Amino acid sequence: MGDTGPTGPVMDRDEVDRALARLGAEHEAIETSLLALQDHAGRRLLEGAELTGVTAERWSAAEASITLLWTYFDAYTGALRTAREIRSRRRWSSREDLVELTELLRGEAVTVAGSAAATAHAPTPHGGPGRLSERYSLVTLVERMNQLYATSLDMVVAADAVWSALPARIDLLAAELGRTRKLAHSVGVRPGEHPAGDDLERITRTLTRLREQVICDPLAFWTPAQGSSAPGGGRPDTTVYDREARALEEVRREIDAVLAVRQDAEQRIVRLRDVLSRADRTLAEARTARGEVLAKIAATEVPVVGGPPIVLQEQLAAAAEYRRHAQWHRLSPLLESLEEKAEDELLRARESLTAVTAPLAVRAELRGRLDAYKAKMARLGHAEDPELAEKYEKARRMLWSAPCDLRVAEQAVLRYQHAAAELLGTARRVPGQGGPVDRTGPGA
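Under the working numbering, think of the first position of the sequence shown as 4, with each following residue one higher.
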């Protein structure tokens, strides 16, 4: 094209018509987006909210950007209207019309008052101080509007996403908290009396404060998506909410445990009485056995038997008192502790009885061994052997006399076994002796 102007080659009629069609489509798209932004629920909420913190700062800038957007759009609309009017003057545009249209469509022919950007606190395209007026091309003006629209929409969408997600969830959790608090009071779980009651109060305060903060400063609870340039890319930050939800769930489990105590407290107390009673009887048996051992067994250490668990009996009485007065929150941990201690006490009593009666068990084992070998020798025709009979009688007197010296009696039984082995001609050793012993057992 040979004709040129300040903005380069002069556009022909076809180029002008195509440019007007494209700009008209862009104008329609921009207007639709601006109207959608104007009617966005998040923007209306932001306009009516008492904002604080980062949200107040960003909304102030976003409001200015939206105001500037409409200023730019009005200028864009005016320029497009002027271009259409020039094109519609005549069917076949003159060269003067084409030069004017080329300047309007391609050149920096749109003037926006500099006070508009300054009033809106919006950055100027050149980054310098605001001028009395700014001139833009239609292409630059569209890019500028797209930039302002994206930043404004990002802020509005983020605030709306937080408001749509967190307050409703907080309200649901608060309702669950109220039900849990009523249930807790019914079983005596109250602040200052039970840790779970203190936790409920703390959760209540935290949720109340969290809801106020979310309403006033939603962007403080927004986590932008890394690497995302789309408006509203990110998610609400639910860290505090999730933590309190978990804490409430733990409290609810503890209250459920208290409720379970209320349901089976009587049976558990009966079982505890039975376990402690068995422990007392076992200790009484151990004390009786200790007296018998001291009377019948000589030269042996017999452990002292402890007394009954007085402290556990007192705690059991306290548990029954808690149940009588429906103090379930105190009864629950006491029963758990008592059940463990009662089982330990029964085990201690049984171990004490076993330790005390050990010498009697040793004597019984020696008696059984001696009689078994005597029966074996009688079966083999050696019952009348004088030496064997003498050793048997000596061992028998030691084992059936009181007090019995177990060490001496055991040596006597071993000597009898040794003599029996020699008589049978075996060459095996008797445990504890230098001679042979029959390891085939008394019933071989």
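Glycine included, every Cβ here is placed at the ideal spot set by N, Cα and C. What you are looking at is a predicted structure, and each value in this text was computed from that prediction instead of being measured.
Between the beta-carbon of residue i and the beta-carbon of residue j, is there less than 8 Å?
i, j, result
"SER355", "GLY309", "yes"
"THR85", "LEU108", "no"
"ALA392", "ALA415", "no"
"GLY45", "VAL160", "yes"
"PRO306", "VAL365", "no"
"ALA199", "GLU257", "yes"
"ILE453", "LEU373", "Any property of residue 453 remains undetermined from this structure, which presents the chain solely from 4 to 447."
"PRO221", "THR58", "yes"
"ALA405", "ALA298", "yes"
In whole angstroms, what separates the C-alpha of residue i from that of residue j?
i, j, result
"ALA32", "ASN149", "11 Å"
"LEU23", "LEU141", "11 Å"
"ARG172", "ALA39", "27 Å"
"SER335", "ALA178", "26 Å"
"ALA67", "HIS30", "21 Å"
"VAL13", "PRO234", "38 Å"
"ARG87", "VAL165", "44 Å"
"TYR244", "PRO227", "18 Å"
"GLU269", "LEU337", "13 Å"
"LEU383", "LEU369", "21 Å"
"VAL19", "TYR152", "27 Å"
"LEU417", "ALA352", "34 Å"
"GLY236", "GLN229", "8 Å"
"GLU137", "LEU144", "11 Å"
"GLU111", "ALA162", "36 Å"
"ARG16", "THR35", "28 Å"
"ARG255", "VAL192", "11 Å"
"ARG293", "ALA412", "20 Å"
"ALA78", "LEU72", "10 Å"
Counting only the same chain and skipping the five closest in sequence on each side, list residues whose C-beta sits under 6 Å from that of residue i.
i, result
"HIS197", "HIS332"
"ALA345", "LEU275, VAL278 and LEU279"
"GLU146", "none"
"LYS394", "ARG418, TYR419 and ALA422"
By Cβ distance below 7 Å, which residues in the same chain neighbour residue i in space, the five residues on each side in sequence not counted?
i, result
"GLU390", "ALA422"
"ARG281", "LEU349"
"THR207", "LEU180"
"HIS385", "LEU391 and LEU426"
"GLU215", "none"
Just reading off the alpha helix (DSSP H) that residue i is part of, what are its end residues?
i, result
"SER36", "16-42"
"THR105", "98-109"
"HIS328", "Unbroken run through HIS328: none, as it is neither H nor E."
"GLU53", "Premise fails: GLU53 is in no alpha helix (DSSP H) and is neither H nor E."
"PRO389", "389-402"
"VAL307", "Note, VAL307: premise wrong, no alpha helix (DSSP H); not H, not E."
Counting only the same chain and skipping the five closest in sequence on each side, list residues whose C-beta sits under 8 Å from that of residue i.
i, result
"GLU247", "LEU176, ILE206, THR209, LEU210 and LEU213"
"ILE89", "SER96, ASP100, GLU103, LEU104 and LEU107"
"TRP62", "LEU49, LEU54, MET158 and ALA162"
Taking the beta strand (DSSP E) that residue i falls in, what are its first and last residues?
i, result
"SER91", "Looking at the DSSP string, SER91 is not in any beta strand (DSSP E), and its letter there is neither H nor E."
"ALA367", "That residue, ALA367, is in no beta strand (DSSP E); its alpha helix (DSSP H) goes 361-382."
"THR114", "113-116"
"GLU137", "136-139"
At the 8 Å Cβ level, is residue i part of the contact set with chain D, yes or no?
i, result
"VAL165", "No chain D is part of this structure, which consists of one protein chain only."
| task | Run through the region 185-254 for me and flag every whole alpha helix (DSSP H) of 4 or more residues, listed as ranges in chain order. | result | 198-219
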